[in-house]
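Per numbering that gives the first Met the number 0, the sequence shown starts with residue 0, numbered consecutively. So the structure is just underneath, and the comments pick up after that.
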Amino acid sequence: MERTIYRIILMLFLQTGFTASFASARSEIYSAYITNRMDLWKNLIDAMEAEKSRDSEQVLELINYQYGYIGYCLGFKKRDEARRYLALAENNIEILEKRNYKLSDIHAYKCAFYGFKIGLNKLSAPVNGMKSLDHVKKALELDKENYFAWIQYGNIQFYMPAAFGGSKKEGIEYFLKARQMLERDPADLTDNWNYLSLLIIIGQSYTYINDFTSAQAVYEEILKREPDFQYVKNELYPELLKKTGK
């Protein structure tokens, strides 16, 4: 069985040029993100999932990459694929929960995963929406400095109907709060796909409320940092310029 696992990892390495090493996963995921190569992202998380001897921090890292891939699948209507990776991610969350490891992060991811379940089935929104909200509140009770939890809380506030307590202004405030937390340590921004993802969320949120000036400033900041970031360079920024008539 052990030989089979290592054979799979070696095969993935030869096919994609990726290494299954956790030490290099961060930079490889980042590269896949800015070049829009989600096929390489998928191959890497598959290899990481196959590696059974993982410590808790490695499991949490894998969950983060699975979270990103599930979001991509939902965005491109790959529902079956999203369900499969959501099941894997939830299994990994259970592993960490049994170890009582970083409970604030566990609740933050559970919040996100219930949000994904709403994306898979809109009719589940009343039930899963409340579960999502409960988990993000628990995450922040445990750690007010959990930037990832603030992102999830921002998502809830931004997309929840105003009649149920949602607020787009408050949602953006939470996104900006998360950004401020991330930027406290500039060194941690290197090869950090979560940071670029957050900036995109902020830019898209400003666009949604027709604050095109703020959205443009965010996109230009992203391109200054990563001039060849395909999604922003070829889609988001040009689309925004069309809206502004520039």
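Where is the CB? At the ideal position from N, CA and C, for every residue including glycine.
Identity of the residue in the options nearest residue i by Cα
i      : options                          : result
Ala49  : Asn91, Ile33, Asp79 and Met159   : Asn91
Gln229 : Arg36, Phe163 and Pro185         : Arg36
Lys101 : Ile155, Glu182, Gln57 and Met180 : Gln57
Phe75  : Gly118, Tyr108, Asn42 and Ile62  : Gly118
Gln65  : Asn99, Asp54, Ala111 and His106  : Ala111
Lys41  : Arg178, Ile171 and Tyr84         : Tyr84
Ala148 : Lys121, Ala107, Leu61 and Gln203 : Ala107
Asn145 : Ser23, Gly170, Gln179 and Thr243 : Gln179
Reduced DSSP category for residue i - H, G, I as helix; E, B as strand; rest coil
i      : result
Met37  : helix
Glu93  : helix
Tyr84  : helix
Tyr100 : coil
Glu56  : helix
Lys76  : coil
Phe12  : Because Phe12 sits at a pLDDT of 37, beneath the cut-off of 50, its placement in the model cannot be relied upon, and the following sentence gives the value as read from the coordinates. Helix at Phe12.
Gly118 : helix
Asp187 : helix
Ser166 : coil
Pro237 : helix
Gln229 : helix
Glu144 : coil
Ile208 : coil
Glu182 : coil
Gly244 : coil
Ala159 : The sequence given here places Met at residue 159; Ala does not occur at that position. Here Met159 sits in coil by DSSP.
Glu50  : coil
Residues of its chain near residue i, where Cβ-Cβ distance is below 8 Å and the 5 sequence neighbours each way are ignored
i      : result
Lys232 : Leu222 and Pro226
Tyr5   : Model confidence at Tyr5 stands at a pLDDT of 38, short of 50, so the residue's coordinates are unreliable; what they give is reported in the following sentence. Excluding sequence neighbours, Tyr5 sits near nothing in its chain.
Gly165 : Ile155, Gln156, Phe157, Tyr158 and Met159
Ser26  : Asp190
Leu73  : Ala81, Phe115, Gly118 and Leu119
Residues of its chain near residue i, where Cβ-Cβ distance is below 6 Å and the 5 sequence neighbours each way are ignored
i      : result
Trp192 : Ile28, Tyr29 and Tyr32
Gly114 : Ser131
Own chain residues within Cβ distance below 7 Å of residue i, not counting five before or after
i      : result
Leu59  : Leu95, Lys101 and Asp104
Thr206 : Ala214 and Leu239
heavy atom of the ligand FAD below 7 Å from residue i C-beta
i      : result
Ala214 : Among the components of this structure there are no ligands whatsoever, and the ligand FAD is therefore not found.
**OP:** Please determine if the region 150-158 and the region 131-142 are in contact, where contact requires at least 3 C-beta pairs separated by less than 8 Å.
**Re:** With the cut-off at 8 Å, the region 150-158 and the region 131-142 touch.
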